[in-house]
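See below for the structure under consideration.
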């Protein structure tokens, strides 16, 4: 059936498609992350304050015009502000029906803002995908698998996949005792995926875009990774742990997928996703 | 019949504007019309004459005034807005706040096909 639709034929979904979001059709429920707050926006942890909303981009550049998406016109674009180390996160929030395997796939590209006539291949620090999950009511844990492709760090090429299980401390937000927050996006605490070095197709000027395939599998029963694949490489995830913490009061059956981008220079970094597919075995 | 899509993006949240301030570039080529809303969370100082200019761009980097301008809110809780259409792809606001004044704002861009 998938081959009847060329848009689906380039995906490898599990038994049931939970969502297939083609950003030619709109935002499809993908929204900018906002940190927790209570009473005043000033109560938000500082790292969350600069985060912004995603946009539908036709991937236009000053030298050529519109690049367009993998298919059609628009891709979902998550952009940082033009300050080194800035991050941005776009996510989609749903819940799951049954504990079982899930799999996120997307076609993506990343580029820095093309505001200099230089290769600029080290100006994007990373792009990543984070799941934010919690067991059903009465379950034990909130689980947050973090995966990123570290492109460069402080101007040094890295070109490797990383994961993060180390937690950041929780902070009380406001005064009611109902709201807490932790800055899980903190730049420290990442570990290398075993054998996770991979060079991608950046191309030769910052205005040429090549789309890449990414697949991340996770098992909600065991709360362990099942797969990490990018283009022609599949990585050993057997020893990788997700970030895990005690279950929280209002997050039962949560199944969020987050798209992360971080910059490594005082210019904007752009994380484009042409389309995204979440599937499950249930 | 398909209904027209619409979308609101908060383009500035709890930001403090003084002197000249610009919002981050926003791509909206799919939309035919847009309204910028600016709400003052906190207005401090002499805000008479504070104004926003809508700007457009071909590439998100080089900007030109679109011609639409509107006054910025001059007291806590006040809201002002400016409407634009036929703007191409990129939009932003360039705002001028008089010396000695500051505006803490929430700004939204409401888009519709």
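Chains as they are written, first to last, in the working numbering: chain H, 11 to 292; chain V, 82 to 194.
Ideal placement from N, C-alpha and C gives every residue a C-beta, glycine not left out.
Remember, predicted model here, so these are calculated numbers, not experimental data.
Residue 47/H carries a coil assignment under DSSP once its states are collapsed to helix, strand and coil. Neighbours of residue 39/H across chain V, judged by C-beta separation under 8 Å, do not exist; the nearest C-beta is about 11 Å away.
The way I'd put it, the region 114-127 of chain H does touch the region 270-280 of chain H; three or more beta-carbon pairs between them come closer than 8 Å.
Judged by DSSP secondary structure, residue 16/H falls within the alpha helix (DSSP H) whose first and last residues are 16-19. Counting only Cβ-Cβ distances below 9 Å, residue 70/H has contacts in chain V at 108, 110, 139, 140, 141, 170, 171, in chain order. Near chain H, meaning a CB-to-CB distance below 8 Å, the residues of the region 88-99 of chain V are 88, 90, 91, 92, 94, 95. For residue 89/H, a Cβ of chain V is located within less than 9 Å of the residue's own Cβ. Taking 9 Å as the threshold, the shortest C-beta distance from residue 42/H to chain V falls below it. Counting along the chain, the unbroken beta strand (DSSP E) around residue 264/H starts and ends at 264-273.
Using a CB distance cut-off of 9 Å, residue 101/V does not count as an interface residue toward chain H.
Residues of chain V whose Cβ lies closer than 7 Å to the Cβ of residue 62/H are, in chain order, 105. Counting only the Cα atoms, residue 221/H lies some 14 Å from residue 68/H.
In this structure, residue 105/V sits near residue 93/V, with a CB-CB distance shorter than 9 Å.
Only exposed fits residue 260/H, as fewer than 16 other CB atoms lie within 10 angstroms of its CB. Below the 7 Å Cβ cutoff, chain V contributes 111 as neighbours of residue 84/H, in chain order. Our two residues, residue 242/H and residue 105/H, have alpha carbons roughly 31 Å apart in a direct line. Going by DSSP, residue 140/H is part of the beta strand (DSSP E) stretching over 134-144. One alpha carbon belongs to residue 254/H, the other to residue 101/H, and they sit about 19 Å apart. Interface annotation for the region 255-280 of chain H against chain V: 278, criterion Cβ-Cβ distance under 9 Å. Per the coordinates, the alpha-carbon of residue 83/H lies some 6 Å from the alpha-carbon of residue 34/H. Here DSSP, grouped into helix, strand and coil, assigns residue 31/H to strand. Close to residue 130/H, with beta-carbon spacing below 9 Å, lies no residue of chain V; the smallest spacing is near 13 Å.
Using beta-carbon distances, residue 286/H does not count as an interface residue toward chain V, since no partner is under 9 Å. One thing to note: residue 146/H has its Cβ no nearer than 9 Å to the Cβ of residue 86/H. For residue 87/H, the uninterrupted beta strand (DSSP E) segment begins and ends at 85-89. Just so you know, the alpha carbons of residue 273/H and residue 137/V end up roughly 25 Å apart.
A Cβ-Cβ distance of about 24 Å is found for the pair residue 124/V and residue 146/V, leaving them out of contact under the 8 Å criterion. Looking at the backbone, the Cα of residue 137/H and that of residue 119/V are separated by about 32 Å. Looking at the DSSP output, residue 200/H shares a beta bridge with 174/H. At a cut-off of 9 Å between beta carbons, residue 36/H contacts chain V. Annotation for residue 190/H: 46, 180, 181, 182, 183, 258 place their beta carbon closer than 8 Å to its own, counting only its chain and skipping 5 residues before and after. When secondary structure is reduced to three states using DSSP, residue 100/V falls in the strand class.
Per DSSP, the continuous beta strand (DSSP E) segment holding residue 182/H begins and ends at 180-183. The beta-carbon of residue 97/H is placed no less than 9 Å from the nearest beta-carbon of chain V. The criterion of a C-beta distance shorter than 9 Å is satisfied by residue 252/H and residue 175/H. Within the model, the alpha-carbon separation for residue 154/H versus residue 142/H is close to 5 Å.
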